[in-house]
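As structure tokens, the structure follows; a few thoughts come after it.
2 protein chains.
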Amino acid sequence: MSLSTSTTATPVAPSRGRLRPLGLDEVALTGGFWADRQHLNAAATLPHIEDRLEREGWIANFDLAAAGTLPAGRRGREFADSEVYKYLEALAWEIGRSGSTDRAAGALEARFDAITARVAAAQEPDGYLNTMFGRPGQRARWSALGWGHELYCTGHLLQAAVARARTRPGTDDVLVEVARRAADLVCDVFGPGGIESVCGHAEIEPALVEFARVTGEERYLAQAALFVERRGTGTLGDIEFGRSYFQDDMPVRAATVLRGHAVRAGYLSAGAVDVAVERNDAELLAALTTQWENTVARRTYLTGGQGSHHQDEAFGEDWVLPPDRSYSETCAGVASIMFSWRLLLAQGAPRYADLIERTLFNVVATSPSNSGTSFFYANTLHQRRPGTPAPDSDVSPRASSTLRAPWFEVSCCPPNVARTLAGLTAYLATTDDDGLQLHQYAPATIRTALPGGAAIALDVDTAYPRDGVVRVTVRADAGTPWTLTMRVPAWAQGARLIVRTAGDPPAERAAEPGTVHVRHHFREGDVVELHLPVQPRFTAADPRIDAVRGCLAVERGPEVLCLESIDLAAATGGRHTDVAAVRLDADAPPQEADGAVTVRLRPLVAPAGPWPYAAPDPHPDGAAEDGAEDGAEDGFDVPLVPYHDWAERGGSTMRVWLPTDTPAQRG
Amino acid sequence: MSLSTSTTATPVAPSRGRLRPLGLDEVALTGGFWADRQHLNAAATLPHIEDRLEREGWIANFDLAAAGTLPAGRRGREFADSEVYKYLEALAWEIGRSGSTDRAAGALEARFDAITARVAAAQEPDGYLNTMFGRPGQRARWSALGWGHELYCTGHLLQAAVARARTRPGTDDVLVEVARRAADLVCDVFGPGGIESVCGHAEIEPALVEFARVTGEERYLAQAALFVERRGTGTLGDIEFGRSYFQDDMPVRAATVLRGHAVRAGYLSAGAVDVAVERNDAELLAALTTQWENTVARRTYLTGGQGSHHQDEAFGEDWVLPPDRSYSETCAGVASIMFSWRLLLAQGAPRYADLIERTLFNVVATSPSNSGTSFFYANTLHQRRPGTPAPDSDVSPRASSTLRAPWFEVSCCPPNVARTLAGLTAYLATTDDDGLQLHQYAPATIRTALPGGAAIALDVDTAYPRDGVVRVTVRADAGTPWTLTMRVPAWAQGARLIVRTAGDPPAERAAEPGTVHVRHHFREGDVVELHLPVQPRFTAADPRIDAVRGCLAVERGPEVLCLESIDLAAATGGRHTDVAAVRLDADAPPQEADGAVTVRLRPLVAPAGPWPYAAPDPHPDGAAEDGAEDGAEDGFDVPLVPYHDWAERGGSTMRVWLPTDTPAQRG
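Encoded structure:
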């Protein structure tokens with residue numbers, strides 16, 4: 002088989018699969034939740050990141066390398082190079098997104114070129130490019146594969162080059178040539194007969210496949226496949242966390258669930274899907290599908306977040322999903338989207354888009370502040386102590402911050418969010434031979450063509466997720482019937498579809514969760530409206546998730562809501578100031594009025610004592626014991642906020658999962 | 002003030018305080034739960050440890066140092082020296098315990114002397130003794146105070162010398178002289194005008210005070226006080242875990258609760274109590290008392306275990322006590338006992354002995370296997386996956402083992418348990434001017450004298466904790482009235498006291514939790530019997546401990562019980578094989594028959610599905626919904642085992658906290 006090179010300006014461009022991704026030139030966000038975030042990303046986050054990369058000296062490391070003065074003066078951790086590459090990737094997608102229409106595009110180009118030149122100057126004659134290894138006074142190249150992140154950094158270099166090649170195709174781009182030399186060296190060194198190992202942090206795998214897709218070079222795909230097959234054969238040493246930390250405990254195709262470091266697991270899975278798709282490896286794809294299913298069914302937070310352990314930033318055992326020690330790293334959310342998007346393109350099932358939507362709204366959107374210049378690294382679902390804001394100048398030690406922080410010693414998350422938001426437009430829709438699929442809902446214009454040549458032009462109007470109506474207006478007659486497919490999220494019980502096509506009476510029907518299809522020879526002005534029920538709802542957890550037993554959460558559409566102490570204090574006139582002091586009245590469904598969702602809370606009866614364990618109270622003060630009259634006296638209505646908005650008003654305690662009655666309460 | 006040197010053969014010998022500790026020559030365990038463990042410790046654990054110390058080369062490090070061939074060949078982590086010292090301390094207590102009566106004492110002496118000679122040979126002329134620092138090719142002395150464990154190792158050297166001096170007093174002991182030179186160097190280097198810092202791992206603090214108590218040297222006490230006062234002034238650098246990790250976030254006397262690394266926190270607290278007592282520092286003692294109270298009320302597991310985080314082996318926030326990610330390091334249990342015992346001697350309150358008992362039975366007794374040659378490092382309260390036994394030759398990477406392991410890369414716990422068990426006899430009883438206090442219950446003989454000279458002779462007979470009757474028989478007429486004080490554990494509601502003294506009718510009365518006192522001119526043969534209600538009981542947790550909401554535990558006397566899958570499978574004929582699959586019938590109290598405690602369980606209804614969150618079931622299959630007839634049909638009786646016995650029959654899943662009904666269960 003041979004790779005077909007794609008020039009679609011999109012993050013993932015497989016040679017085959019159920020669905021075809023659209024490019025940033027085919028879809029545009031025109032307003033609403035995600036367009037606002039894309040604009041903030043361009044206006045605030047990208048300049049913030051570049052400023053920090055300069056201040057921390059992580060770009061200057063390349064200058065030192067070029068000047069031959071490393072290792073003296075090198076700053077940052079072993080993966081600092083990768084943050085520069087992720088920033089370049091984000092710039093490339095942003096150039097592709099805003100492209101020819103944006104006055105700032107020239108300035109973006111200049112920034113991209115300037116940093117690329119500094120990176121390129123550091124590359125050695127044989128293609129090696131890493132500021133941490135290989136020079137006198139540094140560790141030898143490839144001498145620390147377990148923890149050195151060398152191939153990980155190369156992977157992000159390749160991803161930046163992929164973004165560049167797809168958004169500025171057809172030129173002999175400097176970064177693409179830098180990446181080509183680096184990729185060739187990787188194949189020389191790690192190919193057949195070379196070093197038989199892998200990188201402790203997966204990333205080179207999807208990067209090599211994508212770079213193969215850009216360049217048409219089969220060798221890169223073969224090398225990626227080799228890395229995927231080697232993983233799990235014990236080529237990395239054993240470590241205190243266990244080999245599962247870097248997924249070296251068992252072969253990818255033997256695993257049944259994701260485990261170990263969540264970001265590593267997600268990147269590896271993404272690369273393994275890429276390999277499986279390009280090589281038509283049904284066995285490998287089936288194994289990855291099973292892993293996705295089991296991970297989603299047993300090891301994923303309500304927010305879509307993944308990773309339950311702070312210790313090793315790792316998945317826990319099945320059902321270990323503590324809200325107060327949730328790690329749910331922002332980058333693990335990005336990795337999960339990478340994995341799900343590839344399976345969606347390969348297989349077309351709406352469950353993948355469901356998880357992407359959940360993760361976008363509740364992990365990716367949660368990380369950056371409203372200002373776009375501070376970020377959550379970990380995303381706890383339960384904050385027990387109000388944080389204090391970090392000074393702008395501060396550098397937080399990774400996940401320890403209880404509020405968003407402007408930068409981190411390990412600063413993977415800010416540029417990861419930036420590159421995701423810049424390329425987000427690509428995740429809205431796909432096509433197949435028969436029509437177009439809408440996966441995510443946002444105001445947008447779509448102008449593309451089906452493989453047969455039929456021109457598709459659609460406008461999407463919606464106030465989603467605030468409002469549940471998604472209106473698709475056809476803007477051109479394709480000259481032939483085609484099928485519009487719209488995703489109905491799994492939570493959207495009772496959705497309705499209304500079709501208004503020229504010459505026909507309006508047709509309304511139920512739309513079951515999954516996908517709904519309308520096949521028609523659409524004419525300009527035809528409208529398809531999906532009505533999703535976004536009223537707030539209670540959600541309970543599988544009883545095996547011990548950490549939230551006896552609790553309910555509140556969701557509204559794709560958004561998870563949460564209780565913040567600032568709202569609790571305001572609603573109770575200061576009588577209750579901590580979310581630990583209340584419980585939910587589970588008999589009073591959440592209400593929505595004037596755009597605010599409220600729940601009915603009651604005080605939590607918690608006896609003071611020298612020892613927190615005692616005989617159970619035979620008559621617990623639970624909701625079931627209270628008469629309705631009592632409840633009315635004791636309860637108070639408190640507004641919830643979307644989880645992605647939490648901690649925007651300063652330090653607060655916060656809960657997603659609210660305890661209801663407490664039947665086994667101590668006496 | 003001046004230090005009075007004590008020669009009592011006991012781990013902690015303050016110059017003042019409410020209670021006076023007894024020596025290993027004054028109390029002997031004569032049978033039962035703890036005597037069995039002491040014998041196993043002597044027969045199996047101590048030889049096992051010495052074998053491992055030799056095999057791992059940690060004793061040989063001293064030989065290399067003496068030969069001048071370090072750092073080449075040095076093995077083990079930076080704290081490897083301390084394991085040798087803790088082993089010497091354990092040997093010293095074991096010599097003191099078995100002493101003149103044990104045929105093996107000569108062999109123990111020979112082992113002690115041989116290792117001491119190898120240690121002594123490595124000491125440098127100025128008193129410095131550490132195999133990891135200070136030589137060409139090693140890091141400079143005192144250059145890595147945050148993580149280097151140099152003073153920590155010295156502390157354990159001093160503790161070994163203290164044990165030696167107290168169990169073989171009056172000689173110019175080699176180890177005591179080695180320790181004296183090392184302590185003098187510490188004072189020279191870290192005293193006024195010296196390095197103004199502390200060790201990242203507390204231990205030198207209690208060690209210096211104890212060594213001052215042995216030697217009468219005020220300078221060591223002053224240095225300990227200086228270390229305690231310096232802690233929390235930020236002399237150590239900031240780290241990713243935060244300065245609280247090594248308690249350098251705030252001064253000891255300003256803190257209100259223990260935080261950070263649990264072993265460090267416990268050792269520091271023990272040393273700070275020692276300083277407060279010797280210096281009559283009421284403010285410091287009050288601060289430590291508050292810290293103990295808040296830690297016990299909000300940050301301690303039902304087992305007495307402390308430390309909720311794997312990441313940094315640290316305390317969590319208040320109420321963060323997840324059973325499935327409990328760390329509860331064995332060494333943190335030892336540290337907690339050290340802290341509580343010192344407060345008990347200083348203040349006399351029975352709550353300290355309550356916590357010691359709980360921690361002894363459920364942490365210290367849990368760590369070693371029945372064979373005495375493998376150990377839990379961390380003590381989870383919920384095992385989700387059955388472990389597989391480690392080969393005898395294995396070295397486990399710290400807490401990652403799901404079964405007891407014969408040794409660890411970080412092997413602090415085995416020798417810590419060994420030294421605790423060897424000296425355990427000392428924790429049974431104390432005296433004051435007025436009489437004798439029994440704190441822990443085990444078959445024992447006690448022969449001591451009150452300060453006024455009255456000779457006390459008692460025998461304790463009991464099958465505790467299997468049986469609740471503790472019979473104290475007076476074996477000598479002291480010639481004067483005195484007071485026998487017995488602790489009534491906080492859980493012992495309904496305890497009774499029966500006094501049978503010569504010439505009086507038997508007197509029975511209620512004994513409320515706390516302490517019960519009998520003042521009498523006891524004659525030989527007089528008997529005081531305490532009847533403690535040890536039938537099994539349900540225990541619930543404070544509702545703020547989110548991780549066990551909706552659960553009950555079962556306790557019996559001082560023992561926490563647990564459900565193991567091996568018993569579940571046997572009791573259900575293999576129908577249920579995983580503790581995740583059942584819930585507790587909270588309406589059926591635990592039953593005891595033929596020495597077995599059983600509870601009534603039912604299947605846990607857990608819907609299979611692709612996503613573990615859904616609308617709550619309006620009619621949950623909870624216990625409250627079931628009629629009694631239904632319950633009889635669905636329930637099955639399953640035996641529980643003491644938590645300290647768990648995992649003795651191979652890999653098993655296990656729960657201490659059993660879910661009851663699930664009112665907020667998903668539909």
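Those protein sequence lines, which keep their order, are chains W and S.
Residue numbers for the first sequence follow the numbering used here, beginning at 2 and rising by one.
Residue numbers for the second sequence follow the numbering used here, beginning at 2 and rising by one.
In this text, a Cβ means the ideal position worked out from N, Cα and C, and glycines have one as well.
Residue-level contact by beta carbon fails for Val535/S and chain W, as no gap is shorter than 7 Å. At a cut-off of 7 Å between beta-carbon atoms, Arg385/S makes contact with chain W.
About 4 Å separates the CB atoms of Val583/W and Leu602/W; that is less than 8 Å, so the two are in contact. The region 182–189 of chain W makes no contact with the region 26–42 of chain W; the number of CB pairs closer than 8 Å stays below 3. Under the 7 Å criterion on CB atoms, Tyr302/S is classed as non-interfacial with respect to chain W. If you look at Phe539/W, you'll find it in the beta strand (DSSP E) that goes 537–542. Residues of the same chain with a CB within less than 6 Å of the CB of Val175/W, apart from the 5 flanking positions on each side, are Thr117, Ala121 in chain order. Assigned with DSSP and collapsed to three states, Gly436/S falls in strand. In this structure, Leu289/W keeps its C-beta atom at 7 Å or more from the C-beta atom of Gly18/W. If you look at Glu151/S, you'll find it in the alpha helix (DSSP H) that goes 151–168. No residue range can be given for Ala477/W, since it is assigned to no beta strand (DSSP E) and is classified by DSSP as neither H nor E.
Taking the beta carbon of Pro617/W as reference, the chain S residues within 8 Å of it are Phe539, Thr540, Ala541, Leu553, Ala587, listed in sequence order. For Phe63/S, no beta strand (DSSP E) encloses it; the enclosing alpha helix (DSSP H) starts and ends at 61–68. Setting aside the 5 residues that flank it on each side, Leu209/W is surrounded in the same chain by Gly156, Leu159, Ala184, Val187, Tyr221, Leu222, Gln224, Ala225, Phe228, Gly272, each with a C-beta closer than 8 Å to its C-beta; the list follows chain order.
Not flagged as an interface residue toward chain W: His521/S, since no C-beta distance is shorter than 7 Å. By DSSP's assignment, Ala491/W forms no beta bridge with any residue. For Trp483/S, the secondary structure class from DSSP, reduced to helix, strand or coil, is strand. Of the other Cβ atoms in all chains shown, fewer than 16 fall within 10 Å of the Cβ of Thr70/W; this residue is therefore exposed. At a Cβ-Cβ threshold of 7 Å, Asp568/W and Val639/W count as neighbours. Pairing Val278/S with Arg142/S, the inter-Cα distance amounts to about 32 Å.
The C-alpha of Ala81/S is placed about 51 Å away from the C-alpha of Glu358/W. In this structure, Tyr353/S keeps its C-beta atom at 7 Å or more from the C-beta atom of Ser337/S. In the DSSP assignment, Ile499/W falls within the unbroken beta strand (DSSP E) covering 496–501. Nearest in C-alpha terms to Leu23/S, of all of Thr8/S, Thr374/S, Gly149/S, Glu530/S, is Thr8/S. The beta-carbon of Leu605/S is placed less than 7 Å from the nearest beta-carbon of chain W.
Contact with chain S is found for Arg550/W, since one of that chain's Cβ atoms lies less than 7 Å from the residue's Cβ. Among the CB atoms of chain W, none fall inside 7 Å of the CB of Ala496/S. As for any beta strand (DSSP E) of minimum length 3 sitting wholly inside the region 259–291 of chain S, there is none. In the three-state reduction of the DSSP assignment, Leu237/W falls in the coil class.
Excluding its 5 nearest sequence neighbours in each direction, Pro544/W has C-beta neighbours in its own chain below 8 Å: Arg550, listed in chain order. It is roughly 9 Å from the alpha-carbon of Arg510/S to the alpha-carbon of Ala496/S. By the Cβ neighbour-count rule, Asn62/S is buried, with 16 or more other Cβ atoms within 10 Å of its own. For Glu318/S, there is no enclosing beta strand (DSSP E), as DSSP marks it with neither H nor E.
Not one beta carbon of chain S lies nearer than 7 Å to the beta carbon of Val28/W.
Chain S has no Cβ within less than 7 Å of the Cβ of Glu125/W.
Here Pro207/S has Ala271, Gly272, Asp275 as same chain residues with Cβ atoms under 6 Å from its own Cβ, once five neighbours each way along the sequence are excluded.
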